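*Asks:* What follows is a structure written as structure tokens; I'll ask about it next.
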Amino acid sequence: MISERTAAPPRKKVLSPRERFVPLALSGVSVVIFFGFFGWLVTSAEAWPRIQSQFFSLEAMGAAFPKVAQGFLINMGVWAVSLVAIALWALILAVFRSLRGPWFAPLRVFTVVYIDIFRGLPALLLVLLFGFGIPALRIPGLPTTSLFWGGVAMVLSYSAYATEVYRSGMDAVHDGQWAAAKALGLNQAQTLGFAIIPQALRNVLPALLNLAVALQKDVALLSVIGVRDAVREAQIYTSRTFNYSSLVVAAFLFLIATIPMARLTDYVAKKDRERRLQRTA
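Okay, here's the thing in structure tokens:
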């Protein structure tokens with residue numbers, strides 16, 4: 157009998173050129189037909205010339221682009237900083253909830269209450285409350301900018317979701333890992349750090365990347381508290397010129413950022429599925 161250690165990994169099916177390219181060609185044709193029909197339907201409408209000048213004016217797009225792009229850099233800066241803060245804070249909360257024993261009950265209860273509150277409140281409401289409320293308190297030593305507290309609101313909201321993602325990954329690790337670590341004399345912190353968390357991160361990486369994609373879009377919520385991000389700059393241009401092409405510029409910039417991240421998420425998810433299949437083969 158061949159042991160699992162020496163078993164050969166399953167062979168990948170070699171596709172013929174026809175099997176590779178015919179589905180791709182059919183997919184491309186179907187996409188062209190769908191969007192071509194949609195484009196024809198829109199451009200053949202009676203009001204299309206007026207809509208085109210209001211939403212797709214190249215002159216207005218060029219005039220609005222510098223300010224909108226400058227605001228988009230703020231969006232990406234908030235996204236990058238918030239992403240790191242969410243990853244670390246959510247991991248800490250997940251560890252709190254995974255600790256075993258009666259002495260750690262206060263940490264587990266705190267984490268459950270935190271998740272229930274910040275996962276239950278809409279991110280927009282949190283941005284409004286923190287962006288306007290905290291600076292109005294004028295607490296000495298605390299920042300008073302809406303940008304800072306809007307970012308804090310996003311971190312608090314998304315970390316509640318990320319904590320549950322981390323916890324699901326930890327729960328997916330077999331209980332035998334805890335028993336094996338205990339037999340080796342490892343304490344809870346060592347068991348989590350060397351055995352549980354590394355395996356959990358591999359299990360939940362695709363889900364975490366999906367949260368990162370969602371966060372890329374939701375940082376635009378900071379525009380409602382006056383942060384001059386891409387959306388706010390586009391709105392300022394619209395209010396000055398009564399032309400909405402600047403909003404299309406902002407939408408295009410967000411698509412440039414989110415689509416590559418979405419494709420990366422799909423790639424990581426595909427590799428994760430292959431890894432699991434090889435492990436169970």
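Note that our numbering numbers the sequence shown so that position 19 is 175, with each residue one more than the last.
The beta carbon of each residue, even a glycine, is placed where N, CA and C say it ideally should be.
Bear in mind that the values here come from a model prediction, so they are computed numbers and not experimental data.
Just list the alpha helix (DSSP H) runs in the stretch 275-304, keeping only unbroken ones of 4 residues or longer that don't cross its boundaries, in chain order.
*Replies:* Counting whole runs of 4 or more residues, the stretch 275-304 contains the alpha helix (DSSP H) stretches 279-284, 290-293.
*Asks:* Please report how far the alpha carbon of R429 lies from the alpha carbon of I415, in whole angstroms.
*Replies:* Within the sequence shown, residue 429 is the residue found at index 273, counting from 1. Within the sequence shown, residue 415 is the residue found at index 259, counting from 1. Each residue's alpha carbon lies about 21 Å from the other.
*Asks:* Which residue's Cα is closest to the Cα of G276: F212, A316, E389?
*Replies:* Along the sequence shown, read from residue 1 onward, the residue named residue 276 stands at position 120. That would be A316, whose Cα lies nearest to the Cα of G276.
*Asks:* Just curious, the alpha helix (DSSP H) that N359 is in, first and last residue?
*Replies:* Along the sequence shown, read from residue 1 onward, the residue named residue 359 stands at position 203. Residues 353-374.
*Asks:* Tell me the DSSP secondary structure of D385 in three-state form.
*Replies:* As a position in the sequence shown, residue 385 is number 229, starting the count at 1. Coil, per DSSP.
*Asks:* For the alpha helix (DSSP H) holding F221, just list the boundary residues, first then last.
*Replies:* Translated into the one-based positions of the sequence shown, residue 221 becomes position 65. Element bounds for F221: 214-254.
*Asks:* Please go through the same chain and pick out, in chain order, the residues whose beta-carbon is closer than 7 Å to the beta-carbon of V360, but skip the five residues on each side of it.
*Replies:* Working through the sequence shown from its first residue, we reach residue 360 at position 204. Result list for V360: V321, Y322, S324, G325, in chain order.
*Asks:* For V329, which of helix, strand or coil comes out of DSSP?
*Replies:* Indexing the sequence shown from 1 puts residue 329 at position 173. The answer is coil: DSSP assigns V329 none of H, G, I, E or B.
*Asks:* What number of angstroms, rounded off, separates the C-alpha of A386 from the C-alpha of A203?
*Replies:* Here residue 386 refers to the residue found at position 230 when the sequence shown is read from its first residue. Here residue 203 refers to the residue found at position 47 when the sequence shown is read from its first residue. Going by the C-alpha atoms only, they are around 28 Å apart.
*Asks:* Using 8 Å as the threshold, is the stretch 301-319 in touch with the stretch 246-262, meaning 3 or more CB pairs across them?
*Replies:* As far as the Cβ criterion goes, the stretch 301-319 touches the stretch 246-262, which means the pair count is three or higher.
*Asks:* Output needed for L403: all residues of its chain with C-beta closer than 6 Å, excluding positions within five of it in sequence on either side, in chain order.
*Replies:* Stepping through the sequence shown from its first residue, residue 403 is reached at position 247. A390, listed in sequence order.
*Asks:* Whole-angstrom Cβ separation of V198 and V405, contact assumed at under 8 Å?
*Replies:* Stepping through the sequence shown from its first residue, residue 198 is reached at position 42. Stepping through the sequence shown from its first residue, residue 405 is reached at position 249. The pair is not a contact, with the Cβ atoms about 19 Å apart (cut-off 8 Å).
*Asks:* Beta-carbon separation of Q210 and Y423 under 9 Å?
*Replies:* Looking up residue 210 in the sequence shown gives position 54. Looking up residue 423 in the sequence shown gives position 267. For Q210 and Y423, no; Cβs fall outside 9 Å.
*Asks:* Measure from the alpha carbon of F410 to the alpha carbon of each residue in V187, L229, V308, then state which is nearest.
*Replies:* Taking the sequence shown and counting its residues from 1, one reaches residue 410 at position 254. Nearest option by C-alpha distance: L229.
*Asks:* Less than 6 Å between C-beta atoms, sequence neighbours within five positions excluded: which residues of the same chain meet that for I290?
*Replies:* Within the sequence shown, residue 290 is the residue found at index 134, counting from 1. The answer, listed in chain order, is W305.
*Asks:* Here's the rule I'm using: 16 or more other beta-carbon atoms within 10 Å means buried, otherwise exposed. How should T300 be labelled?
*Replies:* On the sequence shown, residue 300 is found 144 positions in, with the first residue counted as 1. Answer is exposed; the Cβ neighbour count stays below 16.
*Asks:* Would you kindly work out how many angstroms separate the C-alpha atoms of F194 and V187, rounded to a whole number?
*Replies:* Counting from one through the sequence shown, the residue named residue 194 turns up at place 38. Counting from one through the sequence shown, the residue named residue 187 turns up at place 31. C-alpha separation (whole angstroms): 11 Å.
*Asks:* Since I believe L367 is in contact with L280 (beta carbons under 8 Å), could you give me their beta-carbon distance rounded to a whole number of angstroms?
*Replies:* Taking the first residue of the sequence shown as position 1, residue 280 is located at position 124. Taking the first residue of the sequence shown as position 1, residue 367 is located at position 211. That belief does not hold up - the Cβ atoms of L280 and L367 are roughly 17 Å apart, past 8 Å.
*Asks:* In this structure, does DSSP put S183 in helix, strand or coil?
*Replies:* Counted from its first residue, the sequence shown places residue 183 at position 27. S183: helix per DSSP, three-state reduction.
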